[in-house]
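Protein chains in written order, with this note's numbering: chain A, 1 to 156; chain B, 1001 to 1156; chain C, 2001 to 2156.
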Amino acid sequence: MSAVSAEANLLALGIELPEPPRALASYVPLQRVGELLYTSGVIPVFNGEVRFKGVVGADVSVKDGGRAAELCALNIISLIRSYTGSLDEVEQFIQLSGFVRSAQGFDEQPRVMNGASDLIFKIFGERGRHTRQALGTNELPLGVAVEISAIVRLKT
Amino acid sequence: MSAVSAEANLLALGIELPEPPRALASYVPLQRVGELLYTSGVIPVFNGEVRFKGVVGADVSVKDGGRAAELCALNIISLIRSYTGSLDEVEQFIQLSGFVRSAQGFDEQPRVMNGASDLIFKIFGERGRHTRQALGTNELPLGVAVEISAIVRLKT
Amino acid sequence: MSAVSAEANLLALGIELPEPPRALASYVPLQRVGELLYTSGVIPVFNGEVRFKGVVGADVSVKDGGRAAELCALNIISLIRSYTGSLDEVEQFIQLSGFVRSAQGFDEQPRVMNGASDLIFKIFGERGRHTRQALGTNELPLGVAVEISAIVRLKT
Chain A
1 MSAVSAEANL LALGIELPEP PRALASYVPL QRVGELLYTS GVIPVFNGEV RFKGVVGADV
61 SVKDGGRAAE LCALNIISLI RSYTGSLDEV EQFIQLSGFV RSAQGFDEQP RVMNGASDLI
121 FKIFGERGRH TRQALGTNEL PLGVAVEISA IVRLKT
Chain B
1001 MSAVSAEANL LALGIELPEP PRALASYVPL QRVGELLYTS GVIPVFNGEV RFKGVVGADV
1061 SVKDGGRAAE LCALNIISLI RSYTGSLDEV EQFIQLSGFV RSAQGFDEQP RVMNGASDLI
1121 FKIFGERGRH TRQALGTNEL PLGVAVEISA IVRLKT
Chain C
2001 MSAVSAEANL LALGIELPEP PRALASYVPL QRVGELLYTS GVIPVFNGEV RFKGVVGADV
2061 SVKDGGRAAE LCALNIISLI RSYTGSLDEV EQFIQLSGFV RSAQGFDEQP RVMNGASDLI
2121 FKIFGERGRH TRQALGTNEL PLGVAVEISA IVRLKT
């Protein structure tokens, strides 16, 4: 898959990226160390509008939880592009840490996180294959259903 | 402790490693960046059989929570060996991130995580000393009691 | 802000650092990999005395949650100084991972985490700007309200 262009895939898939999340306080959305980019935890926001509030397994379905995870991934991708100028600067996704706000007894966090993982794989191919933490939590900022952060390796 | 062999310790302790967890979707169990190996979050599975479901402090005892953490550690060790061929390729464990599914008011996540930390120290000696996050959570994938991920530095 | 000295800021702000947290078991409070320092998760302890127990949004106010996060940050800073000898060895804070023990419906984890982020920015200036995960959790070790870990880059 060495010929895959993430930018070309994004175009072919007709995906519109949200504006990258902004720094809101004394922290930043991205930090680079050597070849690695660390992102802050991102929530399902589209151009400033918070979406997918609620608890997966209660008032948010698994399907909508997956869409929330997908929107988090789009925000991560948008952050990366705002920093690098092109998604084709990504050498490899290293890790996604995902937290799913979970109703009592809800245990399908991996299915929810597939919304993010599958989208990243569609866009980046093998370069999108990452390690993953799929975790539950009782509460998240602004009452959203999913929060995800990423570590990505850039080309040198 | 420079003469310690993790492989020899494993043998001496009579520990049987589980098969390494497989990739289940568009993510992978391990990613390498330079000298570092990142693992996905692993759960207490032995050769495909999920063990230690439940909530620590409710239907899972602290002792069994510790065994669940130990089994997570064995899966992490198995993953490392499947990648490196030998545990003696490990230079240093850097970090364990552990999530313990916790009943209301349960605050002994560190004792549960000692199941993983102590086992790794037994096998790897000083090379096994890691930083650690011991955290509570309300829910985890497949209803298990513990999920742990690791960052490990390999010899160069 | 290249002329900022974190040590001078600490003095000017009149901040007293707690003793650095000690290793309690088969893990360590800090690990270095190349230029990076990873810390264990730290809780709001001052010289061995655990402070700010409880649940934010229930028996702990947002303001006190912020103080708990600030105390976690002081412990992280104390750990770094115990290792480097001087805070001026810090090149850049890379990431804070913060977990806020949250009452049902509490969604202001970012405000709580600002207690840590703002303090680090006051002391380290631009070198203190980090990526951040602000997450909720139901339970934490010893019943504390906040747990935070950090990744910091040292000067070479």
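The beta carbon of each residue, even a glycine, is placed where N, CA and C say it ideally should be.
No Cβ-Cβ contact shorter than 8 angstroms links residue 148 of chain A with residue 1038 of chain B.
Taking a cut-off of 8 angstroms on C-beta distances, the segment 17-34 of chain A does not touch the segment 119-130 of chain A, as fewer than three cross pairs fall below it. Per DSSP, the unbroken beta strand (DSSP E) holding residue 33 of chain A starts and ends at 30-33. Here residue 1047 of chain B is exposed. Its C-beta has fewer than 16 other C-beta atoms within 10 Å. Contact note: residue 2138 of chain C reaches chain B through 1102, 1104, 1136, 1137 and 1138, using a C-beta cutoff of 8 angstroms and chain order. The alpha-carbon separation between residue 1006 of chain B and residue 1012 of chain B amounts to approximately 10 angstroms. When the five nearest sequence neighbours on each side are left out, the beta carbons in the same chain lying within less than 8 angstroms of the beta carbon of residue 2036 of chain C are those of 2094, 2151, 2152, 2153 and 2154, in order along the chain. A distance below 7 angstroms between beta-carbons, with the five flanking residues on each side excluded, links residue 2109 of chain C to the following residues of its chain, in chain order: 2100, 2102, 2134, 2135 and 2136. For chain A, none of the residues of the segment 2043-2069 of chain C brings a beta carbon within less than 7 angstroms of one of its beta carbons. Only 2092 from the segment 2079-2092 of chain C bring a Cβ to less than 8 angstroms from some Cβ of chain A. Note on residue 1008 of chain B: under 16 other CB atoms within 10 angstroms of its CB, so exposed under the neighbour-count rule. Interface residue (Cβ-Cβ distance to chain A less than 8 angstroms): residue 1029 of chain B is classified as such. Looking at the DSSP output, residue 2092 of chain C bridges to C/2153. Listed in chain order, the alpha helix (DSSP H) runs fully inside the segment 1058-1127 of chain B are 1062-1084 and 1109-1124, counting runs of at least 4 residues. The beta carbons of residue 2116 of chain C and residue 2098 of chain C sit about 6 angstroms from each other, so the pair counts as a contact at 8 angstroms.
In the structure shown, residue 2143 of chain C falls within a helical segment according to DSSP collapsed to helix, strand and coil.
Closer than 7 angstroms at the C-beta level to chain A, one finds these residues of the segment 1140-1152 of chain B: 1140, 1141, 1142, 1143, 1147 and 1149. In the three-state DSSP reduction, residue 1023 of chain B falls in the coil class, being neither helix nor strand.
Neighbours of residue 2039 of chain C in chain A, taken as residues whose beta carbon is under 7 angstroms from its own, are absent, since the nearest beta carbon is some 15 angstroms off. DSSP, read as helix, strand or coil, puts residue 2010 of chain C in helix. Each of C/2086, C/2087 and C/2106 was checked against the Cα of residue 2065 of chain C, and the nearest Cα belongs to C/2106. With its beta carbon at least 8 angstroms from every one in chain A, residue 2076 of chain C lies outside the interface. At a beta-carbon threshold of 9 angstroms, the residues of chain A lying near residue 2129 of chain C are 23, 26, 27, 28 and 31, ordered along the chain.
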